[in-house]
Amino acid sequence: MAVVLAYSASIAEVLSLLQWAEWRLVNLVCAADKEATLIAVPRPLAPMTARSTNLDTALHLAMDHIPQGVAVFDSALKLTFSNHRYNSMLSLPPALTEAGVPLEDIVLFLAKRGDFGPGDAKTRAQDRIALLTSQPQTVTQRMTSFGQTMEFYTARLPEGGMVISFSDVTARISAEQQYEQINQTLEKRVEDRTAALKQVNLELEKARHKADAANHDKTRFLAAASHDLLQPLNAARLYTSTLIERAKTTDFAELANSIEASLTAVEDIMSALLDISRIDSGALHLAPTQLAAQDILKKIEVEFAPMARERSISLRIVKTKATVLADRSIVGRIVQNLVSNAIKYTPVGGKVLVGLRRRGNRWRIDVIDTGIGFNKDQFKLVFAEFSRLEKGARMAQGLGLGLSIVQRLVTAADLTLELDSKEGRGSRFSIYLPVARPLRGTISLKRETPEATIGVLNLKVLCVDNERDIIEAMEGLLTNWGCQVRSALSLKQIDKEGLLEGWYPDLVLMDYHLDQTSGLDAIEWLRHNLGGHLPAALVTADRSPQVRAIAEERGIAVVTKPVKPAALRATISNLGNQRSH
1450 MAVVLAYSAS IAEVLSLLQW AEWRLVNLVC AADKEATLIA VPRPLAPMTA
1500 RSTNLDTALH LAMDHIPQGV AVFDSALKLT FSNHRYNSML SLPPALTEAG
1550 VPLEDIVLFL AKRGDFGPGD AKTRAQDRIA LLTSQPQTVT QRMTSFGQTM
1600 EFYTARLPEG GMVISFSDVT ARISAEQQYE QINQTLEKRV EDRTAALKQV
1650 NLELEKARHK ADAANHDKTR FLAAASHDLL QPLNAARLYT STLIERAKTT
1700 DFAELANSIE ASLTAVEDIM SALLDISRID SGALHLAPTQ LAAQDILKKI
1750 EVEFAPMARE RSISLRIVKT KATVLADRSI VGRIVQNLVS NAIKYTPVGG
1800 KVLVGLRRRG NRWRIDVIDT GIGFNKDQFK LVFAEFSRLE KGARMAQGLG
1850 LGLSIVQRLV TAADLTLELD SKEGRGSRFS IYLPVARPLR GTISLKRETP
1900 EATIGVLNLK VLCVDNERDI IEAMEGLLTN WGCQVRSALS LKQIDKEGLL
1950 EGWYPDLVLM DYHLDQTSGL DAIEWLRHNL GGHLPAALVT ADRSPQVRAI
2000 AEERGIAVVT KPVKPAALRA TISNLGNQRS H
């Protein structure tokens, strides 16, 4: 006879028990639930003794109290032993639990009861017996007609026959199914959330593309608005300047100056609004480069010396050999606004100083004035949009956007802005720029005096603009300054009418937005056809850093619309000094 023990104790303890009982271990089957089944037979040593009889009885008693059902069949596949758990788990009738019952009868009963599924019971029973007897050891599961899940451990015995143990794994299978269901639920949630996240990302991407397209359209609109809105204002400024020149000794002089002041105020407001829109739309593209600070200061002097002179203000630009790392256009615009603001709010006879100081690994650009000044509690107010101090509002027209633009540009360029001021004593506005390696060659510190531009300009000037009003206004103003002027609406007109035959201009004033090409390309075409280096200025309403950078790279001056007559005259005078013939 064989004995099957299902145990949860240690293997060492069970083997010790078997050795003491003089039983031999035949097989061990490990179940998925980490329990195991030991199959043992008695050692054929000595004849049956009282001790072995008592032990056999004890083992039979133990077998009836284990949670597994156990049945042993001899070589003829007839039942020789079964425990109570076997009988109760399979719910067999008493006749099928007696010793000597064939395995075939038991399996056929179960098949007829439907324990092996639908189909012919006899065929099902034969298939099951073939499975049990074909392999030395099998582990199978099935659902009973009572809704239980049974796990069968079948093992062949060395002397023939087999032992079968049954385990009720309904709870374990149910737990596994619940675990699987939980996993599937979690996976479904993950899939749903992943899909939702992908959808959100898709919507965000669409929104980003839409915002980029809107910004692109806004940038294009700003470029068009800069040109279309400022063109008529530019013509009006030029006509007014001509009127002022001609009305100096007449009763209309004061009226002409009033018109000029009003146009200047409109120009400042429009330029400020366009700058703010350009910054907010992200149309500014930073391109820090190694540059000579003197180049920035030189342009500031050329542009603002006439304005300061008109207001009887001393503008002093301290020459420098400093080299900084910065975006030329952004820094230039910041300093322009600071100097313009200083001149506006400095009383007649006051002073404005622009210079650089070394502070560690940075250069500090200072714009210092002897203007009205303000106290610390007003510092935030001066940078606010549409905010002006009471004294400042009485001194100059405008909306108070200049310093707001400075603050926005400083933030966009990640620079540091510093302010020191005291009411009635003046102000110091400073920005800090990284120190850069000195540029190769020397930086000229020769003073270029805008004052030298006063008087008659004996220059030949070619003007090209696709707006007839601007051409006529420019001709009138330049003629008053003593220039010989030839003008055209396009390069095609120049070529068709032979405007340059026998006439070589000293310089060219070229509009940027022409009908068929850009002003930059038009200047290159003229230089190629005329030979030599033709001094040129690009007159444009486009204040973008890209246009200015390309122009500077090609040695072309930039005059922004609406044109300031004093700045235009200074630019023309400087270009006239570059003549190579």
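According to the numbering used here, the sequence shown is numbered sequentially starting from 1450.
Each residue gets a CB set at the ideal place from its N, CA and C atoms; glycine is no exception.
The Cβ atoms of Q1965 and H1734 lie no closer than 8 Å to each other.
V1519 is bridged by DSSP to S1614.
For R1857, the closest alpha carbon among the candidates V1816, W1812, I1779 is that of I1779. Across the structure, R1562 and D1554 are spaced so that their CA atoms are roughly 12 Å apart.
Taking the C-beta atoms as reference points, A1985 is found no nearer than 8 Å to R1777. When the alpha-carbon of I1880 is set against those of I1919, N1929, A1736, I1814, the nearest one is in I1814. DSSP places E1872 in the coil class of the three-state scheme, outside both helix and strand. In this chain, the alpha helix (DSSP H) harbouring G1968 covers 1968-1979. Boundaries of the alpha helix (DSSP H) around L1926: 1917-1929. Burial is judged here by how many other beta carbons sit within 10 angstroms of a residue's own beta carbon; Y1794 has at least 16 and is buried. If you check the CB distance, I1762 and G1809 do not come in under 8 Å.
The segment 1700-1765 is shown to contain whole beta strand (DSSP E) runs of 3 or more residues at 1738-1741, in chain order. The way I'd put it, the segment 1632-1647 doesn't touch the segment 1686-1703; fewer than three beta-carbon pairs between them come closer than 8 Å.
Here L1635 is exposed, its C-beta having fewer than 16 other C-beta atoms within 10 Å. Contact annotation: the segment 1532-1539 touches the segment 1514-1521, with at least three C-beta pairs closer than 8 Å. Less than 8 Å divides the Cβ of S1876 from the Cβ of D1818. For the set D1869, L1864, M1923, the Cα lying nearest the Cα of K1829 is the one of D1869. G1799 has no beta-bridge partner at all, per DSSP. In the three-state reduction of the DSSP assignment, V1649 falls in the helix class, which pools H, G and I.
Here the segment 1919-1938 lies against the segment 1948-1956, with 3 or more beta-carbon pairs under 8 Å apart. Between M1599 and G1549, the alpha-carbon positions lie close to 24 Å from each other. The beta-bridge partner set that DSSP reports for W1812 consists of R1807, L1882. Minimum Cα-Cα distance from M1719 among the listed residues S1540, A1775, L1679, I1613 corresponds to L1679. With 16 or more other Cβ atoms from the protein chains shown falling within 10 Å of its own Cβ, A1705 counts as buried.
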